[in-house]
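Visitor:
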Amino acid sequence: MSNAVKENTILKDLLTYQTHLNGQSSLLEKIRKESAEKVKNTPFPTTRDEDWRFTNLKPLTRGGDFVPDQEESSEYDPSELEEYFIPESENTRLVFINGRFSTEYSSIDDLPEGTLIGNLAEFAAEDNKIVEEHLNQYAEYEEDIFTYFNGAFLDDGSMVYIPQDTKVESPIHILNFYTNSDQDFFTNPRTLVVADKFSKSTVIEEHIGLSDNRYLTVPVVELKLFEGANVKHLRIQRDSRQAIHISRPVAHVAQHSKYESYTITLGARLSRNDPKIVATDEEVDFTVDGLVLIDGDQIADTHSVMDHRQAHATSHQLHKCVINGEAHSVFNGKIFVRQGAQKIDSFQENRNLLLSRDGHVNTKPQLEIFADDVVCTHGATIGSFEDEELFYLKSRGLSGEKARELITYGFALETIENIEVDSIHQLLLKEVERYSKSHRDEPEAKPVA
Amino acid sequence: MLEIKNLHAVVAEEGNEILKGVDLTINKGEIHAIMGPNGSGKSTLSKVVAGHPAYEVTEGEVIYEGEDLLELEPDERAHKGIFLAFQYPVEVPGVTNSRLLREAYNTIAKEQGREELDPLQFEDYVKEKLELVNMKPELLERSVNAGFSGGEKKRNEIFQMAVLNPRLSFLDETDSGLDIDALKTVANGINSLAGEDKAIVLVTHYQRILEYVDPDAVHVMMDGKIAKSGDKQLAFKLEEEGYDWLEKEVQVNAQ
Chain A
120 MSNAVKENTI LKDLLTYQTH LNGQSSLLEK IRKESAEKVK NTPFPTTRDE
170 DWRFTNLKPL TRGGDFVPDQ EESSEYDPSE LEEYFIPESE NTRLVFINGR
220 FSTEYSSIDD LPEGTLIGNL AEFAAEDNKI VEEHLNQYAE YEEDIFTYFN
270 GAFLDDGSMV YIPQDTKVES PIHILNFYTN SDQDFFTNPR TLVVADKFSK
320 STVIEEHIGL SDNRYLTVPV VELKLFEGAN VKHLRIQRDS RQAIHISRPV
370 AHVAQHSKYE SYTITLGARL SRNDPKIVAT DEEVDFTVDG LVLIDGDQIA
420 DTHSVMDHRQ AHATSHQLHK CVINGEAHSV FNGKIFVRQG AQKIDSFQEN
470 RNLLLSRDGH VNTKPQLEIF ADDVVCTHGA TIGSFEDEEL FYLKSRGLSG
520 EKARELITYG FALETIENIE VDSIHQLLLK EVERYSKSHR DEPEAKPVA
Chain B
606 MLEIKNLHAV VAEEGNEILK GVDLTINKGE IHAIMGPNGS GKSTLSKVVA
656 GHPAYEVTEG EVIYEGEDLL ELEPDERAHK GIFLAFQYPV EVPGVTNSRL
706 LREAYNTIAK EQGREELDPL QFEDYVKEKL ELVNMKPELL ERSVNAGFSG
756 GEKKRNEIFQ MAVLNPRLSF LDETDSGLDI DALKTVANGI NSLAGEDKAI
806 VLVTHYQRIL EYVDPDAVHV MMDGKIAKSG DKQLAFKLEE EGYDWLEKEV
856 QVNAQ
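Protein sequences appear in the order of chains A and B. Positions 120 to 568 (my numbering) are the ones given, in order, by the first sequence. Positions 606 to 860 (my numbering) are the ones given, in order, by the second sequence.
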């Protein structure tokens, strides 16, 4: 059956801006060309696609054209940026402003021998072997135009390499700033993290909108964990309330490695996050937790994949969302256990606290298991404040508002209590507190879940 | 202190009448025990006094220190010194015991015109209260009742009572499910929290807590009313003979 609806060509049209990029690396040039071809040949998703059923891309497709990131037109006060720096990462800080690497604000020093942290484009221009071997090898999202779109504009980005048996004590803080601008712009941040055997490191990936303007950011993050490597990955999305944020973080984890990711979603008009963890060997351990705090007209969609390809893995996903106003949260969590991947212990739970009558939740935990000796638990809950819980706190003298604030705070807290970087932990506590305090009014009516 | 007159209450959602005319007077300095079989309404009575939204009062009045209690929200009742130890204490994940209690203590102190305590002062203040119920300080930093054993939850209720220092306390089956040691601890806590200007109401299934706490009056509830009131001997008689004799007596009186 032919479909008369015309495909949206926004991303395909933006390919004309590819000429703006420099050509210093033949590797990047090759990836850009191949990716551009794929963008041309991949349909733009609509709500008729299963993976986009609940998330309408209108905030992206309607509301004016995008131009490439232009530093000249961006407006910001340098001291604004510094507010977001953390003392733990004084010498392990990468700063990007509207997608452009900033030598001025980045600070890399005192690294353990062999450790590489810096601008991906620069390493690629020097024909760095690690970049050549690993870049664009892991971000496999079938028929996903956004991943290809990112590849078509591959240029500045973050590159992190931790050598074998090395521990980088300081967390590596990657700050992606988005500034106010005359025109809506688009950026395609790319991050490559290669953690060699038995290394240990923490990567903080932050997206910060400095104003309330509209922009499109499509971050792709590739992590490769070799045998016995340990990587903690904190992702904090504090984009502008008009931004469109579509991210694809993917981790390939080898034997005895441990990957923990915590994604905190606070900003953006529309955010879509598709974390994907692939256990390529036996005996791996990974966590992909998330916390979403949204209100107003925000949409936050998480589509995750936990792909157990080999036996003896442990995995954990706790995804919590608090929804107020007319905000809309979507969760789709797929757990794959491939044939022969026995002795998998996988936990998945999506819990939603709905604070308002007009908030909206779609949730779908999904198991696809092709092995018979596995323990997989999964579940989803949607709820409002429970009368008994409110009464308990009120009977202790707390007002209804205070009781709702405390319950919201407590609900959100669980997902951030394992975050060990003190500045980030404190920051998130404040964010949770601020959110809880600003949404403690009684809902107009009891929402129907 | 508390005067309950002809109190009728229904389950708000379905209209099923649970309290069918309760009369009860409690004076300062007294300890009362309310006993009765399952479903007699004794738990409902304590919830209605605390202001539980699941119940609707359809008739009668509850006067506390000269004031109509039924006009007040549950938190306002707490500000006036009313406390309910829950039969099933609620878990509040992510909120520590110490945070809830400091918040509660300071809110009540402010409403009563007393001085609020800062975190350090509060720490000192709760230390002695912990000893009263034999609780470890670690429990302060754990989420309210989350992962607590049954006994820990009950002790935590008495601990909260000790910290908030209420004037009128209803303890809803706080003794149920406790082993002998925990029962003694809870009973000691109750005894040390009783006082001349306070009153305590024990809602219980069993007389065994009355071996450690000496009540001024024992009431038996049946079918939504106080069927009989007496002294401690009434509790012992119930323990030995059950409720059958009393049910018959009530039926005879009704005829």
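We put the beta carbon where it would ideally sit given N, CA and C, even for glycine. Just so it is clear, the structure is predicted and the values come from calculations on it, not from any experiment.
Counting contacts by CB-CB distance shorter than 8 Å, is A:V567 in contact with chain B?
Guide: Caution is warranted here: a pLDDT of 45 is assigned to A:V567, below 50, making its placement in the model unreliable, and the coordinate value is therefore given only provisionally. Chain B contact via Cβ: absent.
Visitor: Who are the Cβ neighbours of B:L612 in its own chain at under 6 Å, not counting the five residues just before and after it?
Guide: Cβ neighbours of B:L612 beyond the five flanking positions: L624, V627, G665.
Visitor: For A:K521, return the contacting residues in chain B, with the cut-off set at a CB-CB distance below 9 Å.
Guide: The CB of A:K521 comes closer than 9 Å to the CB of D680, E708, T712 in chain B, given here in chain order.
Visitor: Hey, A:G409 and A:T384 are a contact pair by Cβ (cut 8 Å); roughly how many whole angstroms apart?
Guide: About 7 Å separates the Cβ atoms of A:G409 and A:T384, confirming a contact at the 8 Å cut-off.
Visitor: Taking Cβ positions only, does A:I501 come closer than 8 Å to chain B?
Guide: no
Visitor: Alpha carbon to alpha carbon, how far is A:D184 from A:K125?
Guide: In a straight line, the C-alpha of A:D184 is about 18 Å away from that of A:K125.
Visitor: Considering only the beta carbon of each residue, do B:V825 and B:G646 sit closer than 8 Å?
Guide: no
Visitor: Just the C-alpha distance for B:L776 and B:I687, rounded to the nearest angstrom, thanks.
Guide: Each residue's alpha carbon lies about 11 Å from the other.
Visitor: Over what stretch of residues does the alpha helix (DSSP H) that includes B:M766 continue unbroken?
Guide: 755-769 is the extent of the alpha helix (DSSP H) around B:M766.
Visitor: Where do the ends of the beta strand (DSSP E) carrying A:D464 lie?
Guide: Looking at the DSSP string, the run of the beta strand (DSSP E) that includes A:D464 is 464-473.
Visitor: Please report the distance separating the alpha-carbon of A:I264 from that of A:L335.
Guide: 14 Å
Visitor: Would A:L179 count as contacting chain B if we go by Cβ distances under 8 Å?
Guide: no
Visitor: Helix, strand or coil for B:K633? Go by DSSP, reduced to three states.
Guide: coil
Visitor: Is the beta carbon of B:Q765 closer than 8 Å to that of A:R515?
Guide: Between A:R515 and B:Q765, the C-beta spacing is below 8 Å.
Visitor: Hey, quick one: how far does the alpha helix (DSSP H) through A:Q485 stretch, first residue to last?
Guide: Careful: A:Q485 lies outside any alpha helix (DSSP H), inside the beta strand (DSSP E) at 479-488.
Visitor: Please give the ranges of any beta strand (DSSP E) in the region 273-326 of chain A, keeping only runs that are unbroken, at least 3 residues long and fully inside the region.
Guide: 277-281, 291-297, 304-306, 309-314
Visitor: Quick check on the DSSP output: the alpha helix (DSSP H) that includes B:R593 runs from which residue to which?
Guide: Only positions 606 to 860 of chain B appear in this structure, which leaves residue 593 of chain B out of reach.
Visitor: When you compare only the Cα positions, how much space is there between A:N471 and B:R682?
Guide: Going by the C-alpha atoms only, they are around 32 Å apart.
Visitor: Buried or exposed: which applies to B:E778, given that a residue is buried once 16 or more other Cβ atoms fall within 10 Å of its Cβ?
Guide: buried
Visitor: Does any residue of chain B have a CB that is nearer than 8 Å to the CB of A:S518?
Guide: yes
Visitor: Going by DSSP, name the residue or residues bridged to A:I216.
Guide: A:R219, A:F296
Visitor: What would DSSP say about A:Y378, mapped onto helix, strand or coil?
Guide: A:Y378: strand per DSSP, three-state reduction.
Visitor: Could you check the C-alpha separation between A:I150 and A:A348 for me, to the nearest Å?
Guide: 28 Å
Visitor: Could you compute how far the alpha carbon of B:H657 sits from the alpha carbon of B:P679?
Guide: 7 Å
Visitor: Alpha carbon to alpha carbon, how far is A:N127 from A:M120? Give it in angstroms, no decimals.
Guide: Bear in mind that the predicted position of A:M120 carries a pLDDT of just 46, short of 50, making it unreliable; the figure below should be weighed with that in mind. In this model, A:M120 and A:N127 are separated by some 19 Å (Cα to Cα).
Visitor: For the region 500-508 of chain A and the region 472-483 of chain A, state whether three or more C-beta atom pairs, one from each stretch, are separated by less than 8 Å.
Guide: yes
Visitor: Quick check on A:E533 - is its C-beta less than 8 Å from some C-beta in chain B?
Guide: yes
Visitor: Checking contacts by CB at 8 Å: is A:E209 closer than that to chain B?
Guide: no
Visitor: Compare the Cα-Cα distances from A:A419 to each of A:E508, A:E232, A:R428, A:I442 and report the closest residue.
Guide: A:I442
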